[in-house]
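A.B. asks: Residue numbers (the working numbering): 1 to 126.
The C-beta atom is built at its ideal place from N, Cα and C for all residues, glycine as well.
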């Protein structure tokens with residue numbers, strides 16, 4: 001009976017087998033090619049993403065540094081404006097004869113005729 005079964009199983013044509021093997025080989029090569037292309041594309045996208053992230057991070061850090069520098073310069077500008085206002089007031093005062101006389105009496109102990117100056121020490125209120 002076994003021998004009868006073996007006879008009933010017919011071998012497929014060799015050309016058909018080769019054609020099927022070639023088709024399956026082609027499909028396997030196409031899959032490998034697709035996988036390689038997708039992998040290469042993913043690597044390129046990952047590299048570009050890292051470069052973009054690094055660029056954005058560097059620009060954000062530079063922007064923060066410039067912002068801090070701007071704040072420091074604005075503070076310095078305010079101090080210089082106050083000093084300029086003080087110096088302009090001094091110029092105005094030194095054009096006033098009464099102020100010059102007051103400074104001369106206070107700092108250089110100059111006095112008017114028949115005037116006596118006393119310099120008293122400052123009392124500390126500690």
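Is there a Cβ from chain D that is less than 9 Å from the Cβ of residue 102?
C.D. replies: The structure shown contains no chain D; it is built from a single protein chain.
A.B. asks: What whole-angstrom Cβ distance do residue 117 and residue 105 have, given they're in contact under 8 Å?
C.D. replies: 6 Å
A.B. asks: Taking the C-alpha atoms as reference points, what is the distance between residue 74 and residue 84?
C.D. replies: 15 Å
A.B. asks: Does residue 111 come out as helix, strand or coil in the three-state DSSP assignment?
C.D. replies: coil
A.B. asks: Would you identify the three-state DSSP class for residue 13, choosing helix, strand or coil?
C.D. replies: Coil at residue 13, not helix or strand.
A.B. asks: By DSSP, does residue 51 sit in helix, in strand, or in coil?
C.D. replies: helix
A.B. asks: Let me know the secondary structure DSSP gives residue 38 once reduced to three states.
C.D. replies: helix
A.B. asks: Assign residue 117 to one of three DSSP states: helix, strand, or coil.
C.D. replies: coil
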